[in-house]
Amino acid sequence: MAEVEFAHRYERALAGTQFLQLITRTFSNLRLTAHQEIADTISAMTGSFLDCRARAALLCDGSGQLAIAASEGFGDPAQLTGEGCRALWHWVMDEKRALSLGPEQVLARWPEAPPAACKGLACVAIDLHDRSIGVLAVADRRSRAPFAEDELVFLSCVSGLASMAVANADAHAEQRQQRKLAE
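Going from the sequence shown to this note's numbering is simple: count from 1 and add 85.
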């Protein structure tokens with residue numbers, strides 16, 4: 086039985102690695118330079134890999150408030166930035182690791198959570214230069230299975246790719262600004 090479980094975990098890890106390579110190639114080929122495009126692409130691909138109907142990426146705006154960069158399947162997007170869930174997202178950002186929250190944990194931290202989130206949620210902070218700049222969240226799995234440890238590792242890796250893509254987009258924006266000033 087242990088061999089079967091090991092083989093399954095190996096296959097899942099291999100699939101995760103291959104999907105991370107696909108995400109990396111996608112970002113390299115698309116040359117995304119807008120935060121919203123990056124967030125939408127990364128959350129869509131993550132939701133697809135983890136087989137989730139709901140996905141969201143929230144990024145801090147210029148004032149430091151979380152704003153929706155991408156959202157699908159959570160119902161009213163305003164719920165994702167409302168008073169009720171703000172504490173949840175800030176807790177996720179403070180944790181600095183991927184988290185899997187069961188229905189009870191979601192409702193304890195976000196009492197008016199939309200139905201998709203009430204089925205369980207996996208989320209991770211997006212960090213850049215040792216500060217959290219956003220959150221990536223997926224929910225409402227088709228399989229209804231809880232998120233496994235290897236899937237949380239995958240989510241952490243995706244968060245790292247997202248932060249690199251945002252840093253790259255910021256560098257491109259700065260280069261464009263410097264070119265304009267030089268002209």
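Just so it is clear, CB atoms sit at the ideal spot from N, CA and C, and this is done for glycine as well.
Limits of the unbroken alpha helix (DSSP H) element including residue i
i	result
residue 203	Unbroken run through residue 203: none, as it is neither H nor E.
residue 237	234-267
residue 135	That residue, residue 135, is in no alpha helix (DSSP H); it is neither H nor E in DSSP.
residue 179	168-180
residue 186	That residue, residue 186, is in no alpha helix (DSSP H); its beta strand (DSSP E) goes 184-186.
Among the options, nearest to residue i - alpha-carbon criterion
i	options	result
residue 214	239, 251 and 188	251
residue 106	245, 266, 209 and 257	245
residue 157	201, 168 and 249	201
residue 188	178, 179 and 207	207
residue 256	161, 90, 116 and 92	116
residue 151	174, 161 and 133	174
Where the beta strand (DSSP E) containing residue i begins and where it ends
i	result
residue 156	151-157
residue 165	Element bounds for residue 165: n/a, residue is neither H nor E.
residue 221	216-226
Beta-carbon proximity of residue i to residue j, cut-off 9 Å
i	j	result
residue 142	residue 191	no
residue 170	residue 198	yes
residue 183	residue 241	yes
residue 131	residue 253	no
residue 172	residue 195	yes
residue 179	residue 148	no
residue 205	residue 185	yes
CA-to-CA distance, residue j to residue i, given in whole angstroms
i	j	result
residue 212	residue 222	14 Å
residue 230	residue 111	28 Å
residue 165	residue 104	27 Å
residue 263	residue 120	19 Å
residue 159	residue 266	42 Å
residue 109	residue 177	24 Å
residue 232	residue 243	15 Å
(request) Evaluate contact between the segment 119-137 and the segment 217-231, counting only Cβ atoms and requiring at least three cross-stretch pairs below 8 Å. (result) Output reads yes: the segment 217-231 touches the segment 119-137.
(message) Quick check: the segment 96-112 against the segment 234-247, are at least 3 beta-carbon pairs closer than 8 Å?
(response) Yes, they touch.
(message) Under 8 Å, with one C-beta from each stretch per pair, do the segment 120-128 and the segment 141-159 reach the 3-pair mark?
(response) In this structure the segment 120-128 touches the segment 141-159; the number of beta carbon pairs closer than 8 Å is three or more.
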